Amino acid sequence: MSKARQTFASAERKAELNLDFQMKTAEDVTLELGNMKGALMKIGQMASYLDTGLPEHVRTTLASLQHDAPPMTPELSAATLTEALGRPPSEVFAEWDAVPIAAASIGQVHRAITHDGQAVAVKLQYPGVADAVASDLNNAGWLFSAMSSMFPGLDPEPVVAELKERLVEELDYCLEAKSQQYYADFFDGHPFITVPHVLPELSGPTVLTTQLASGVRFDEVKSWSQDEKNLTAETLFRFSFGSIYRLGVFNGDPHPGNYLFEPGGKITFLDFGLVKRFTDDETTLFEELITSMVIERDIAEFRRIIIDAGLLAPDSQVADDVVRDYFSFFYNYVMDDEVITIDDEYAAGGVKQIFEQKGPFAELKKELNVPPSFVLLQRITLGLMGLFADLDATANFRLLAEELWPFVMGQPSTPMGEVIAAFRRDAGDDFWGL
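This is the structure we're talking about:
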């Protein structure tokens, strides 16, 4: 119990949590998060990686969408838990912190200690928010026009359908519990990556109880030495891209608030509400794109693949070198066997290249489409580049990537890679990059 209490105490509340206004009733939730507010918060969070490199007025608009909802009062949160689990917090837990440690767009998180002495995090969904957000998304015609204005050649319907499906999934805590436990099982005992295990008996459609984790937030990591920041970036890189090929999934929300950090590259990953699962055909497509662009440098083959995949119109007259230069952002950091630094200029350049409506790629963008499987991939790429820029992340990303690409199976290229390889070998696993 003493270890649980230590963990309980170290999981501090977010300093910016505003308790001046609290939602007292389900009607308050509807008032705060209905009429597109909850849906817009989710869209704003998904777009948060765009801050770097966009005009100031656009950044201001996005920032206005990224505010968290106010927390529930202790009485409403207790009633919400009672509704979800059939018993009040005082009966379910040995200790219950009535003041949340975090409040986000669709729910809030409380600390607790179970009767068997485990320190846990309890995520409670705001009552009625699922119906409000789902209803708003069903009438989200504004998403179609926004997508079409950014990419004139885009067929917005499947893209918007993908975004809506992922956002609705995020409202289902049972699905999130399944996704989180999938990750937790795979990374159990991992030397650098921790995913808290789920307590299914204390979870349900609107409540998710997991092991409580401790660690520092991203703002503190930015003050660490460059070597420590590089280790942090390496773990983020391995987790994000390795999961695609090793687990067939990836967590599509690369937000620094979803991570807890420790020195030495150790990271605890939280929040698995926005998880994308890939089919074998989709991961094969990613491998073919990497092979043609990065390994073989065959732009004609790359062009053929993106046409077959529906990214580019078959009758496009745009020159191969323009296609290469545009798509190169997604591969530049792994193109060559060399140490590079991803800084603000690099991240801003990628955002500008993809979303700027004028310039050398204007004609190409009129013909580009975004298949649904690529919607959240773009988010993970741009999101990570933004985090790496904050860290001035420096590494040989090509060699790191080769460890993670199953079609290359590169040897460990860093001390972290050596430790992971030993861990995997001890477990009888020959895939050592993750």
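The opening residue of the sequence shown carries number 23 in the numbering used here; numbering runs sequentially from there. The C-beta atom is built at its ideal place from N, Cα and C for all residues, glycine as well. The structure displayed is predicted, hence computed values, not measured ones.
query, result
"Taking C-beta to C-beta, are residue 252 and residue 415 nearer than 9 Å?", "yes"
"Check the C-beta distance from residue 243 over to residue 145 and give it rounded, since I have them as a contact under 8 Å.", "Residue 243 to residue 145, Cβ: 23 Å. No contact."
"Assuming residue 121 contacts residue 96 under a Cβ cut-off of 8 Å, what Cβ separation, rounded to an integer in Å, is found between them?", "7 Å"
"What did DSSP end up calling residue 353 once you bin it into helix, strand or coil?", "coil"
"With the cut-off set at 9 Å, would you say residue 305 and residue 266 are in Cβ contact?", "yes"
"Tell whether a beta-carbon distance below 9 Å holds between residue 417 and residue 436.", "yes"
"Please state if the CB of residue 442 and the CB of residue 213 are separated by a distance shorter than 9 Å.", "yes"
"For residue 404 and residue 241, what's the separation of their Cα atoms in angstroms?", "19 Å"
"Examine the Cβ distances between the segment 308-316 and the segment 335-345 and report whether three or more of them are shorter than 8 Å.", "no"
"Going straight from the alpha carbon of residue 368 to that of residue 407, what length do you get?", "8 Å"
"Could you check if residue 387 is buried or exposed, using at least 16 other CB atoms within 10 Å of its CB as the buried criterion?", "buried"
"Rounded to the nearest angstrom, how far is the Cβ of residue 393 from that of residue 333, given a contact under 8 Å?", "7 Å"
"Quick check: is the beta carbon of residue 207 nearer than 9 Å to any beta carbon in chain D?", "In the displayed structure, chain D is absent; only one protein chain is listed."
"I'd like the span of the alpha helix (DSSP H) that includes residue 286, first residue to last.", "Neither: residue 286 is in no alpha helix (DSSP H) and is coded neither H nor E."
"Identify, in the order they occur along the chain, each residue of the same chain with its Cβ nearer than 6 Å to the Cβ of residue 456, setting aside the five sequence neighbours on each side.", "260, 264, 268"
"Could you check whether the segment 198-208 touches the segment 106-125, counting it as contact only if at least three pairs of C-beta atoms, one from each stretch, sit closer than 8 Å?", "no"
"Let me confirm a value: residue 247 is counted as buried when at least 16 other C-beta atoms fall within 10 Å, else exposed. Which label applies?", "exposed"
"Checking the sheet assignment: what are the DSSP bridge partners for residue 364?", "415"
"Since residue 273 is in the beta strand (DSSP E), which residue starts that stretch and which ends it?", "271-273"
"Round the Cβ separation of residue 453 and residue 356 to the nearest angstrom and send it over; I've been treating them as touching at under 8 Å.", "Wrong, their Cβ atoms sit about 19 Å apart, outside the cutoff."
"Using only the alpha-carbon positions, how far apart do residue 345 and residue 371 sit?", "16 Å"
"Per DSSP, residue 230 forms a beta bridge with which residues?", "145"
"Nearest-angstrom Cα distance between residue 233 and residue 287?", "20 Å"
"Measure the C-alpha to C-alpha separation of residue 215 and residue 277 and round it to an integer number of angstroms.", "16 Å"
"Which of the three DSSP states, helix, strand or coil, is assigned to residue 450?", "coil"
"Starting from residue 387, trace the alpha helix (DSSP H) in both directions and tell me its first and last residue.", "384-387"
"Using C-beta distances below 6 Å, list every residue in its chain close to residue 93, excluding the 5 sequence neighbours before and after it, in chain order.", "44, 122, 125, 130"
"Exposed or buried, which one is residue 451 when buried takes at least 16 other CB atoms within 10 Å?", "exposed"
"Are the CB atoms of residue 114 and residue 128 within a distance shorter than 9 Å?", "no"
"Would residue 140 and residue 227 be called neighbours here (beta carbons separated by less than 9 Å)?", "no"
"Can you tell me the Cα-Cα spacing of residue 444 and residue 208, whole angstroms?", "16 Å"
"Using the Cβ count rule (16 or more neighbours within 10 Å means buried), how would you classify residue 257?", "buried"
"Using the rule of at least 16 other Cβ atoms within 10 Å of the residue's Cβ for burial, across every protein chain shown, is residue 389 buried or exposed?", "buried"
"For residue 138 and residue 399, I'd like the C-alpha separation in whole angstroms.", "41 Å"
"Below 6 Å CB to CB, which residues in the same chain sit around residue 1 once its five sequence neighbours on both sides are set aside?", "Outside the shown range of the chain (23 to 456) lies residue 1, about which nothing can therefore be said."
"May I have the straight-line CA-CA distance separating residue 254 from residue 438, to the nearest angstrom?", "11 Å"
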